[in-house]
Ligand code: AKB
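Numbering (full-length UniProt numbering), first residue to last: 1 to 314.
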C-alpha cells in the first residue's frame, strides 16, 4: 500500500475492530491506532499506537507527519445519550474533531478521510420505514444535530476544496470486543452480557421500539469497502442497513439459544430519542454505488454474540 492509515478513536467500539481488520488487510505497521486512552490488548499489542487528543490539531498533524499518514478514519464522537446531558461538550467535541481533520486535509496533509454519520440525523418527521437516502432530515437530538452539521461540512469541504471525504450513516452497532458507551442502541449489546451473567435483562426502551441495527463485521466491511471504492462525484453520507428489531424480538431471538432468559421493561428518557429515529432504512443507493450488502442476519448475530462473549467474559 502507498501510504499509512490513522484511526483516531481506536479504543472505541468501532475503532477497535476497524484497526484489527485494517491491520489484517494492510499490515500491522501501516495502520496506526490512536486515542486519548489505551485500547484493548489486541490493538495495543499488534501495531503502533499514539496517545492523541483529537481536539488538538497540532498534535494530530505531528502524528500524521511522524508516520507519513495520508488516510484518516475519524471514529470519535459523543453519542446520543451523553450528548443530551452535555449539549455544548458534545457539540464542541463532535465538531472540533471533524474540523481539525478536514482542515488538515485542506492543507494537503491528508488525502482521504472517513467520518461516521448515523441514523440520528433523522428526526420525528422523517418517514420511519425504509427511510430514503434523501428525505426530511430534521434531527431532534443534540447528537443528531451534530451529525447533520457534520454531513453538511463534509459536503462543503468536498465541493469547495475537493477533499475526498466519505461517510456512512451507521445504525445501532452490535459487537462483543469493546462495549459501546453513551448510545441509545447500547441496550442491544448490554442485553447479551446480562443474558450470559444473569439470564435476565431490564430494558430501558419499550418492548415494541423497533430500530435499525447491524453486526459489527458488516459495519467494518461497509466502511472499508466504501474507502476502497472509486471516489463518487458528490459527497454522500450513505444509509446502510442490515436488520431491524424491537427489544421483544431480540429477547425472543436470544431465547432460542438461552430458553430461560427473561426480559423486563423500564423505559426512561432514552425512549424519546429512540422514537425520533427510523425503524429501517433504504440502503439501495449504497448497493448501487459500491455494492453494499449486509451478510449477517438477526439469528446469526445472536449466535456470534453469545459465542464471542462466552469466550470474553468467562
Ligand atoms: C447511539 O445510539 O447514539 C448510536 C447511534 C445510533 O449513532 N449508536
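In this text, a Cβ means the ideal position worked out from N, Cα and C, and glycines have one as well.
Source: prediction; values computed, not measured.
Beta carbon of residue i nearer than 8 Å to that of residue j
| i | j | result |
| --- | --- | --- |
| residue 143 | residue 80 | yes |
| residue 312 | residue 239 | no |
| residue 129 | residue 279 | yes |
| residue 33 | residue 10 | yes |
| residue 7 | residue 89 | no |
| residue 51 | residue 65 | no |
| residue 112 | residue 71 | yes |
| residue 196 | residue 306 | yes |
| residue 173 | residue 214 | yes |
| residue 43 | residue 19 | yes |
| residue 290 | residue 225 | yes |
| residue 209 | residue 13 | no |
| residue 167 | residue 115 | yes |
| residue 182 | residue 110 | no |
| residue 137 | residue 169 | no |
| residue 281 | residue 171 | yes |
| residue 150 | residue 94 | yes |
| residue 17 | residue 48 | no |
| residue 192 | residue 309 | yes |
| residue 231 | residue 164 | yes |
| residue 295 | residue 218 | yes |
Where the beta strand (DSSP E) containing residue i begins and where it ends
| i | result |
| --- | --- |
| residue 261 | That residue, residue 261, is in no beta strand (DSSP E); it is neither H nor E in DSSP. |
| residue 200 | 200-203 |
| residue 8 | 4-8 |
| residue 46 | Premise fails: residue 46 lies in the alpha helix (DSSP H), 41-46, not in any beta strand (DSSP E). |
| residue 76 | Premise fails: residue 76 is in no beta strand (DSSP E) and is neither H nor E. |
| residue 115 | 112-118 |
| residue 229 | Careful: residue 229 lies outside any beta strand (DSSP E) and carries neither H nor E. |
| residue 130 | Per DSSP, residue 130 belongs to no beta strand (DSSP E) and is neither H nor E. |
| residue 32 | 31-35 |
| residue 212 | 211-215 |
| residue 239 | 237-239 |
| residue 243 | 243-245 |
| residue 50 | 49-51 |
Residue i: first and last residue of the uninterrupted alpha helix (DSSP H) it sits in
| i | result |
| --- | --- |
| residue 102 | 87-106 |
| residue 165 | Here residue 165 belongs to no alpha helix (DSSP H); instead the beta strand (DSSP E) covers 164-170. |
| residue 192 | 187-197 |
| residue 272 | 270-275 |
| residue 313 | 298-313 |
| residue 152 | 142-161 |
| residue 19 | 13-26 |
| residue 60 | 57-67 |
| residue 288 | 284-290 |
Residue closest to residue i, alpha-carbon to alpha-carbon, out of the options
| i | options | result |
| --- | --- | --- |
| residue 315 | 273, 73, 223 and 192 | No statement about residue 315 is possible, as the shown extent of the chain runs from 1 to 314 and does not include it. |
| residue 270 | 46, 141 and 285 | 141 |
| residue 268 | 187, 40 and 228 | 187 |
| residue 284 | 86, 134 and 208 | 134 |
| residue 266 | 247, 85, 145 and 164 | 247 |
| residue 175 | 48, 47, 236 and 298 | 298 |
| residue 203 | 184, 221, 171 and 164 | 184 |
| residue 211 | 243, 139 and 39 | 243 |
| residue 177 | 117, 237, 39 and 264 | 39 |
| residue 69 | 108, 84 and 78 | 108 |
| residue 260 | 241, 145, 198 and 234 | 198 |
| residue 121 | 276, 102, 31 and 293 | 276 |
| residue 102 | 78, 216, 84 and 154 | 154 |
| residue 288 | 91, 189 and 236 | 236 |
| residue 292 | 229, 245, 301 and 15 | 229 |
| residue 300 | 286, 227 and 216 | 216 |
Any chain B beta carbon closer than 8 Å to residue i
| i | result |
| --- | --- |
| residue 282 | The chain labelled as chain B is not found in the depicted structure, where only one protein chain is given. |
Check whether the segment 50-63 and the segment 124-136 are in contact - that is, three or more C-beta pairs closer than 8 Å. Touching, no, given that fewer than three Cβ pairs across the two stretches are closer than 8 Å.
Are the segment 84-103 and the segment 256-266 touching by the rule of at least three beta carbon pairs closer than 8 Å? no
Count the C-beta pairs between the segment 11-31 and the segment 151-160 that are closer than 8 Å, then say yes if the count reaches three, no if not. no
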